[in-house]
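K.L.:
Numbering (the UniProt record's numbering), first residue to last: 1 to 842.
1. Which full runs of the beta strand (DSSP E) of 3+ residues lie inside the region 110–153, going along the chain?
2. Applying the 10 Å Cβ sphere with the 16-neighbour rule, what's the burial state of residue 712?
3. Suppose you measure from the CA of residue 251 to the CA of residue 104; what does that come to, to the nearest Å?
4. What are the uninterrupted segments assigned as beta strand (DSSP E) that are 3 or more residues long and contained completely in the region 307–363, given in chain order?
5. Going straight from the alpha carbon of residue 785 to that of residue 779, what length do you get?
6. Smallest Cα separation from residue 669: which of 248, 84 and 717?
7. Answer yes or no: do residue 348 and residue 280 have a C-beta to C-beta separation smaller than 8 Å?
8. Identify, in the order they occur along the chain, each residue of the same chain with its Cβ nearer than 8 Å to the Cβ of residue 420, setting aside the five sequence neighbours on each side.
9. Which residues does DSSP pair with residue 710 in a beta bridge?
10. Between the Cα of residue 691 and those of 707, 350, 799 and 414, spot the shortest distance and give me the residue it belongs to.
11. Go to residue 248, then tell me how far its alpha helix (DSSP H) extends in each direction, as first and last residue.
12. Using only the alpha-carbon positions, how far apart do residue 160 and residue 60 sit?
13. What's the gap between the Cα of residue 359 and the Cα of residue 428?
14. Mind listing, in chain order, the continuous beta strand (DSSP E) runs of no fewer than 3 residues lying wholly within the region 583–642?
15. Between the region 187–203 and the region 149–167, can you find at least three pairs of beta-carbon atoms closer than 8 Å?
16. Nearest by alpha-carbon distance to residue 681: which of 703, 597, 789 and 618 is it?
17. In the DSSP assignment, what residue or residues form a beta bridge with residue 645?
18. Can you check DSSP and say which residues form a bridge with residue 88?
19. Can you give me the C-alpha to C-alpha distance between residue 707 and residue 671, rounded to a whole angstrom?
20. Whole angstroms are fine: how far does the CA of residue 102 sit from the CA of residue 118?
21. Enumerate in chain order the residues of its own chain whose CB-to-CB distance from residue 329 is below 6 Å, with the five nearest sequence positions on each side excluded.
22. Given that a residue counts as buried once 16 or more other Cβ atoms are within 10 Å of its Cβ, and exposed if not, what is residue 166?
23. Assign residue 421 to one of three DSSP states: helix, strand, or coil.
24. Short of 7 Å in beta carbon distance, which residues of its chain neighbour residue 552, apart from the five on each side in sequence? Order them along the chain.
25. Would the region 371–387 count as touching the region 302–314 if we require 3 or more Cβ pairs under 8 Å?
26. Rank 653, 752, 609 and 567 by C-alpha distance to the C-alpha of residue 619 and give the top, closest one.
27. Find the nearest neighbour of residue 775 within the set 424, 662, 684 and 369, judged by alpha-carbon distance.
28. Do you know offhand how far residue 650's Cα is from residue 533's?
29. If we cut at 8 Å on Cβ distances, does residue 224 have a partner in chain B?
30. Ordered along the chain, which non-local residues of its own chain (more than five positions away) have a Cβ less than 6 Å from that of residue 215?
31. So what does residue 680 bridge to, in DSSP terms?
32. Run the CB neighbour count on residue 273, radius 10 Å, all protein chains shown included, and call it buried at 16 or more, exposed below.
33. Mark residue 218 as exposed unless 16 or more other C-beta atoms lie within 10 angstroms of its C-beta, in which case mark it buried.
34. For the beta strand (DSSP E) that residue 67 lies in, which residues bound it at each end?
35. At the level of alpha carbons, what is the spacing between residue 302 and residue 319?
36. Thinking residue 81 and residue 75 are a contact (beta carbons under 8 Å), I'd like their distance in whole angstroms, please.
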């Protein structure tokens with residue numbers, strides 16, 4: 001057995017060795033791999049090869065780079081420029097050269113290799129973005145005739161003017177400069193593009209055929225009578241535009257720009273509705289940059305006839321519809337659209353039986369602005385459906401078919417899967433009806449699941465009464481909120497028409513707000529409960545807190561009404577005025593309720609009672625449990641709840657037991673009629689001394705007086721204030737006083753009178769004659785010494801006797817160890833008070 005244990009111990013001692021060895025090997029492999037990958041990444045230089053869309057302070061150009069090892073060469077044809085440098089990891093340092101000069105540059109490639117940032121020399125910045133090989137942004141140049149060359153040039157020029165500098169090289173390649181060569185002609189391109197934007201082209205020009213010769217002229221006109229002749233020259237099979245003299249272009253543009261607002265430049269992101277052309281340009285540029293310039297695109301639409309409740313969503317959808325229709329019609333040549341700021345004649349861009357695309361002047365807060373007409377906005381959905389199957393036109397620039405709105409993506413998927421679902425059924429298409437039903441079912445299911453989950457979660461905790469009722473109310477709020485949110489989000493992606501979507505959106509918003517109100521009520525109650533449980537509210541603060549909870553709930557309702565008005569695009573002024581009128585009507589209809597509300601604030605200011613105060617209210621004794629805006633709730637001694645309207649509560653007499661500083665003990669007792677005078681004097685004196693000596697009895701006043709003889713009984717009364725505010729403690733002290741008094745009665749040799757109406761025979765022991773003689777002897781001594789304590793004890797005796805008795809009495813445990821019933825008067829939290837709130841441990 002020992003040998004086996006020894007082998008087992010040896011085996012267990014040797015077992016961790018292979019495990020440690022495996023761990024060490026694995027860690028070594030991982031370290032080597034990491035080091036190898038790091039070295040490889042460090043050793044392999046970043047790739048600069050490719051085409052780059054670059055920008056600098058006052059221009060830009062497409063740059064083509066080719067890397068061979070660490071040596072990099074490049075060119076940017078727009079400026080007849082060249083680059084040459086050496087790559088060090090992600091850093092490229094070298095020299096740039098153009099016919100106008102040269103200098104140094106430094107580029108830093110980004111971590112993902114898709115962009116670079118750098119500078120020319122030590123001052124100007126130079127950035128670039130890589131153009132991926134799969135990114136089809138190539139320009140298709142149509143140059144079979146002067147008119148086609150002009151059309152291609154105008155379309156590409158608008159793109160370059162809008163910041164798409166990747167087409168700058170293509171524009172330059174379509175120009176023939178008078179002096180030959182292309183030395184820095186990129187700088188001459190910008191004034192030419194701006195000048196062409198000031199003239200108008202007759203659309204019929206683009207339908208003319210190529211002339212027989214090698215030279216041609218096309219004339220552009222302007223609304224003020226100016227003309228711009230453009231020369232074209234055939235080179236091989238293609239036609240090229242002869243660039244006008246740079247000085248002529250600058251001089252003519254300066255003359256025209258002097259009389260234009262903005263100097264002939266674009267608005268730069270703002271909507272420009274000064275002319276039909278400016279409005280169309282602003283719209284197309286904004287849609288191209290969406291969603292960053294979504295508001296600019298919407299500003300081009302006259303939405304005066306669109307319901308305000310759906311304007312925020314429908315306007316975006318209408319802009320998408322319009323952009324899609326314009327793209328299907330063909331590329332926009334802006335020089336075909338009038339740019340006369342003085343003309344007020346609507347411009348019809350496209351007509352169709354289903355609807356037209358029209359730009360017209362509209363009176364706005366900023367003056368007269370050209371916008372797409374309300375008829376265009378109203379019929380654009382039908383126009384989109386009518387042009388859906390129109391073959392795509394041959395384009396100069398590639399068209400991005402990716403739509404921004406989810407509706408178009410979903411519709412494209414439906415069209416590919418079930419084309420028949422696009423058939424209109426009433427105001428909607430068939431797939432939209434199916435979507436409505438599906439969203440409604442999902443919303444109902446989600447609401448039920450949310451309610452079930454919250455109900456099950458609530459059962460894990462223990463709550464009752466008002467808290468449970470508030471939580472159940474909040475659960476219904478969460479159900480309605482879930483139902484409304486799902487419907488609101490779901491209906492938004494279906495692209496519903498404005499006349500149908502307005503009702504749907506209003507219903508969804510109403511459900512969300514109706515659900516939010518009970519949730520907010522519950523949150524207010526939870527906050528109040530948490531602050532109260534933390535012991536931060538004193539008794540007076542409890543009244544104010546209760547009133548503030550009611551006020552907060554009223555404000556919650558008003559705020560949600562304003563939110564609903566905002567969702568329906570109702571002006572706040574009208575909504576507030578409506579609340580004011582409704583308030584007046586409610587004030588007349590609910591006068592008693594308002595009286596109760598005002599009485600609640602009077603209770604707070606006057607403060608006759610606090611929460612947890614014990615008293616007599618409406619003829620019944622109970623404890624204040626809650627003071628609300630409408631009523632005060634009292635827990636009676638029978639443990640029932642008594643609810644008294646605040647107006648009635650303050651009108652009735654209120655007796656507050658909690659705020660007394662002591663409790664009155666006023667009791668009458670009767671002695672047997674055969675009690676002698678000296679016995680009576682002795683007894684009254686000793687009882688007075690006992691009251692004065694008792695630590696729980698206030699000495700002033702603490703009196704015992706003979707009342708007289710009633711029905712053959714000698715009656716006396718004890719009138720004293722017990723030093724306590726708790727009624728349970730008062731009963732205990734009174735009990736002790738009565739017991740001590742009974743002992744004094746027995747000590748004096750007399751006894752209590754026992755009135756009875758039943759005749760019975762018994763042996764009456766009578767009074768104790770010995771103790772009676774002793775008591776009489778005491779009185780005789782007092783009289784002989786001049787210390788007879790009638791009608792009162794001397795001041796020296798009172799001072800000497802005060803608080804000399806033991807309480808609790810001898811033989812009882814200390815008061816700190818005794819159980820003390822907690823009455824309503826002691827339900828106040830300990831701590832330091834600060835106005836309405838208290839701080840400290842509970």
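All C-beta atoms, glycine included, are put in the ideal place defined by N, C-alpha and C.
Given the structure is predicted, the values throughout are model-derived calculations rather than measurements.
P.N.:
Taking the definition as stated:
1. 115–120 and 124–131
2. Reading the chain shown from its first residue, position 712 is the one you call residue 712. Burial call: exposed.
3. By one-based count along the chain shown, residue 251 stands at place 251. By one-based count along the chain shown, residue 104 stands at place 104. The straight-line gap from Cα to Cα measures roughly 35 Å.
4. 347–350
5. Indexing the chain shown from 1 puts residue 785 at position 785. Indexing the chain shown from 1 puts residue 779 at position 779. Rounded to the nearest angstrom, the two C-alpha atoms are 10 Å apart.
6. Along the chain shown, read from residue 1 onward, the residue named residue 669 stands at position 669. Considering only alpha carbons, the answer is 717.
7. By one-based count along the chain shown, residue 348 stands at place 348. By one-based count along the chain shown, residue 280 stands at place 280. For residue 348 and residue 280, no; Cβs fall outside 8 Å.
8. For the purposes of this step, residue 420 is taken as the residue at position 420 of the chain shown. The answer, listed in chain order, is 430.
9. Here residue 710 refers to the residue found at position 710 of the chain shown. Paired residue(s): 713.
10. Residue 691 sits at position 691 when you count from the first residue of the chain shown. It is 799 whose Cα lies nearest to the Cα of residue 691.
11. Position 248 of the chain shown, counted from the first residue, corresponds to residue 248. Its alpha helix (DSSP H) spans residues 246–258.
12. The sequence position of residue 160 within the chain shown is 160, counting from 1. The sequence position of residue 60 within the chain shown is 60, counting from 1. If you take the alpha carbons of residue 160 and residue 60, they lie about 10 Å apart.
13. Counted from its first residue, the chain shown places residue 359 at position 359. Counted from its first residue, the chain shown places residue 428 at position 428. Their Cα atoms are separated by approximately 27 Å.
14. 614–617, 620–627 and 631–636
15. yes
16. Start at 1 with the first residue of the chain shown, and residue 681 comes out as number 681. The residue with the shortest Cα to Cα distance from residue 681 is 789.
17. In the chain shown, the residue the question calls residue 645 occupies position 645. According to DSSP, which records beta bridges pairwise, residue 645 is partnered with 631.
18. Against the chain shown, residue 88 aligns to sequence position 88. Looking at the DSSP assignment, residue 88 forms a beta bridge with 91.
19. Counting from 1 along the chain shown, the entry for residue 707 is found at position 707. Counting from 1 along the chain shown, the entry for residue 671 is found at position 671. Each residue's Cα considered, the two are about 11 Å apart.
20. The residue labelled residue 118 in the question sits at position 118 within the chain shown. The residue labelled residue 102 in the question sits at position 102 within the chain shown. Roughly 16 Å between the two C-alpha positions.
21. Looking up residue 329 in the chain shown gives position 329. Cβ neighbours of residue 329 beyond the five flanking positions: 350.
22. Here residue 166 corresponds to residue number 166 of the chain shown, with the count starting at 1. It is buried - the Cβ of residue 166 has at least 16 other Cβ atoms within 10 Å.
23. Here residue 421 corresponds to residue number 421 of the chain shown, with the count starting at 1. Residue 421 falls in the helix class under three-state DSSP.
24. Numbered from its first residue, the chain shown carries residue 552 at position 552. Closer than 7 Å at the Cβ level, and outside the excluded window around residue 552, lie 524.
25. yes
26. Along the chain shown, read from residue 1 onward, the residue named residue 619 stands at position 619. Looking at the Cα atoms, 653 is the closest of the given residues.
27. Start at 1 with the first residue of the chain shown, and residue 775 comes out as number 775. Here the closest residue by C-alpha is 684.
28. As a first step, residue 650 must be located in the chain shown, where it is residue number 650. As a first step, residue 533 must be located in the chain shown, where it is residue number 533. Roughly 28 Å separates the two Cα atoms.
29. The question asks about chain B, but that chain is absent: this structure has only one protein chain.
30. If you number the chain shown from 1, residue 215 lands on position 215. The answer, listed in chain order, is 233.
31. Residue mapping note: residue 680 aligns to position 680 of the chain shown, counting from 1. In the DSSP output, where bridge partners are listed per residue, residue 680 has none listed.
32. Residue 273 sits at position 273 when you count from the first residue of the chain shown. Residue 273 should be labelled buried.
33. Locating residue 218 in the chain shown gives position 218, where the first residue counts as 1. It is buried - the Cβ of residue 218 has at least 16 other Cβ atoms within 10 Å.
34. Counting from one through the chain shown, the residue named residue 67 turns up at place 67. Looking at the DSSP string, the run of the beta strand (DSSP E) that includes residue 67 is 59–68.
35. Locating residue 302 in the chain shown gives position 302, counting from the first residue. Locating residue 319 in the chain shown gives position 319, counting from the first residue. Approximately 11 Å, taken between the alpha carbons.
36. As a first step, residue 81 is located in the chain shown; it is residue number 81 there, counting from the start. As a first step, residue 75 is located in the chain shown; it is residue number 75 there, counting from the start. About 7 Å; that satisfies the 8 Å criterion.
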